[in-house]
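These notes are about the structure you will find just below.
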Amino acid sequence: MASDTMRLPAMAVASELSTGLPARRSSLMRHPAVLAWSKLSADLPLPQRVAPLKGWNGKLSRERKTMVYRLEGVGPYGGAVVAKRCRGADAEIERTVHEEVLSSLELPLLRYYGCVEDGDGRFGWLFLEEATGQEFSVFLDEHRVQAGRWLGLLHSAAARVRPSGRLRDASPKRYLEHLRSARERICANLDNPVLTREDLAFLEELVVQLNELEEGWDRLDEALHGAPQTLVHGDFNGKNLRVNTSESGGAIEVYDWEDAGWGVPAVDLAQVAVPSTYLSANPDLDSYFAVVREQWPRTSLQALRQLARTGTVFRAMAALDWESSNLVHDWASGFVVNMRLYQGELAHALDALGWTQGSRRASGGATAAAGGQPTEQSGGA
Ligand SMILES: Nc1ncnc2c1ncn2[C@@H]1O[C@H](COP(=O)(O)OP(=O)(O)OP(=O)(O)O)[C@@H](O)[C@H]1O
Ligand SMILES: [Mg+2]
204 MASDTMRLPA
214 MAVASELSTG
224 LPARRSSLMR
234 HPAVLAWSKL
244 SADLPLPQRV
254 APLKGWNGKL
264 SRERKTMVYR
274 LEGVGPYGGA
284 VVAKRCRGAD
294 AEIERTVHEE
304 VLSSLELPLL
314 RYYGCVEDGD
324 GRFGWLFLEE
334 ATGQEFSVFL
344 DEHRVQAGRW
354 LGLLHSAAAR
364 VRPSGRLRDA
374 SPKRYLEHLR
384 SARERICANL
394 DNPVLTREDL
404 AFLEELVVQL
414 NELEEGWDRL
424 DEALHGAPQT
434 LVHGDFNGKN
444 LRVNTSESGG
454 AIEVYDWEDA
464 GWGVPAVDLA
474 QVAVPSTYLS
484 ANPDLDSYFA
494 VVREQWPRTS
504 LQALRQLART
514 GTVFRAMAAL
524 DWESSNLVHD
534 WASGFVVNMR
544 LYQGELAHAL
554 DALGWTQGSR
564 RASGGATAAA
574 GGQPTEQSGG
584 A
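Residue numbers (our numbering): 204 to 584.
In structure tokens form, the structure reads like this:
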């Protein structure tokens, strides 16, 4: 926990702060987000107000994974800075991405102010310019076009940066681990008495499909062969994006780099059949291609589509993994509903990849991957 209050008196109070409220000023200065902010630099202004954005429960909870606050009046042009307190390991990932990769790219980015360790290092505070654009919608073509262009710029520019040893791996292996973790969690909770007969039938079938996919995993690796390695956001969905239309042509604002890593950029390109804010932004692949083709002359649109389908498989593995952690609860059935959606996306992506239909089952009509052959040449980028 930040405890360095000695430097606070040196901070200037943002001009709009009412001068007649010394008590408010001192309570602001005691707020954990402000204390952490003050540790970045001695001459930073004090915010006019601190407003909770996520995880607020009246006090800073040590148990909660993430707390997010707006520090009003300390950002560019009097805007806000967002203070995010998360687990130390997650903060370290975001810090590495900002400091070792994004800082060297010429790309429209939210300004990163820095990172402060919280107490014993179990948590960290990250400070980022507030995204002020409108919410991203997968239903708006213009938003998907903007997302495709921005990703094209990110992936092609970051591929020229020498990867830092501290960046996490974002190779297919990561998603194979998600597959195994999801399967383990499903199997460990099949005895949850709240699960219905239909839930159990679905989950048991899903385990079979995951087994088959694991067996055929090398084929996914092959489909990615030759694709460039670059910085991957890893959680490129509508919740982590805003679209700022005030600038000419619009600009995507991106945050939440906790899942970022270095690898083939498949997962960011994931395309879901049923648009969902949380699963993927469905970035427009034509727009992406128009940006990356210069840097990656060997890339074809066909290869990118293959990459995106593989990314959908990866995304489904990550989603099944995080959703399966809820199977332990009394309300597990509610989460099985979401898992059905992810399984549907998985089946759709595998179909599109042209895998042989090893087993088509009654509950979801899913296609198994084992023994399949991609119908398109993956070519690589
Ligand atoms: N720079 C920012 N500008 C505007 N809003 C932000 C910013 N950073 C975070 N937020 C808000 O706080 C929320 C949580 O932040 P973030 O996504 O980084 O954390 P998270 O714990 O990974 O959240 P989640 O699991 O919900 O994705 C975001 O969904 C968004 O509403
Ligand atoms: Mg998020």
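Built from N, CA and C at the ideal position, the CB exists for glycine as well.
Quick one: which unbroken beta strand (DSSP E) runs of 3-plus residues sit fully inside the stretch 307–343? Chain order, please.
315–321 and 326–332
Do you know how far the Cα of A286 is from the Cα of K242?
13 Å
At which residue ranges does the stretch 444–513 contain complete alpha helix (DSSP H) runs of 4 or more residues, listed in the order of the chain?
488–495
Around ligand 2, Cβ to any heavy atom closer than 6 Å, ordered along the chain:
K442, N443 and D459
Take L409 as the anchor and find which of A226, D524 and K268 has the nearest alpha-carbon.
D524
Per DSSP, what are the beta-bridge partners of T433 in this structure?
G466
If contacts are defined as beta-carbon pairs under 8 Å, then V495 and S374 qualify, I think. What distance do you get, rounded to the angstrom?
So it is not a contact: roughly 19 Å between Cβ atoms.
My assumption, with CB atoms under 8 Å, is that V364 sits in contact with V304. Please give the rounded CB distance.
5 Å
Which term fits H551, buried or exposed, when burial requires 16 or more other beta carbons within 10 angstroms of its beta carbon?
buried
Would you mind giving the Cβ-Cβ distance between G276 and P250, rounded to the nearest angstrom? I have them listed as a contact below 8 Å.
5 Å
How would you write the range of the alpha helix (DSSP H) that L256 sits in, first residue to last?
No alpha helix (DSSP H) holds L256; the beta strand (DSSP E) holding it covers R252 to K257.
For C318, verify whether its CB is less than 7 Å away from any heavy atom of ligand 1.
no
Could you work out which residue in G464, L530 and L238 is closest to D372 when comparing CA atoms only?
G464
If you run the structure through DSSP and keep just helix, strand and coil, what is V397?
coil
Range of the contiguous alpha helix (DSSP H) that encloses V277
Segment: none, V277 is in no alpha helix (DSSP H) and carries neither H nor E.
Taking L231 as the reference, which of G514, A254, T515 and G327 has the closest Cα?
A254
Only counting the same chain, and skipping five residues up and downstream in sequence, which positions put a Cβ closer than 8 Å to that of M209?
Here M209 scores only 31 on pLDDT, less than 50, and its place in the model should not be relied on; the value that follows carries that caveat. Excluding residues within five positions, none has a Cβ falling inside 8 Å.
If we count Cβ pairs, one from each stretch, closer than 8 Å, do we get three or more for the stretch 484–491 versus the stretch 390–400?
no
Rounded to the nearest angstrom, how far is the Cβ of T148 from that of G336, given a contact under 8 Å?
Nothing about residue 148 can be reported from this structure: the residues present for the chain run from 204 to 584 only.
Close-in-space but distant-in-sequence residues of the same chain around E333 (CB under 7 Å, 5 per side omitted)
R273, G278, G282, A283, V284 and V285
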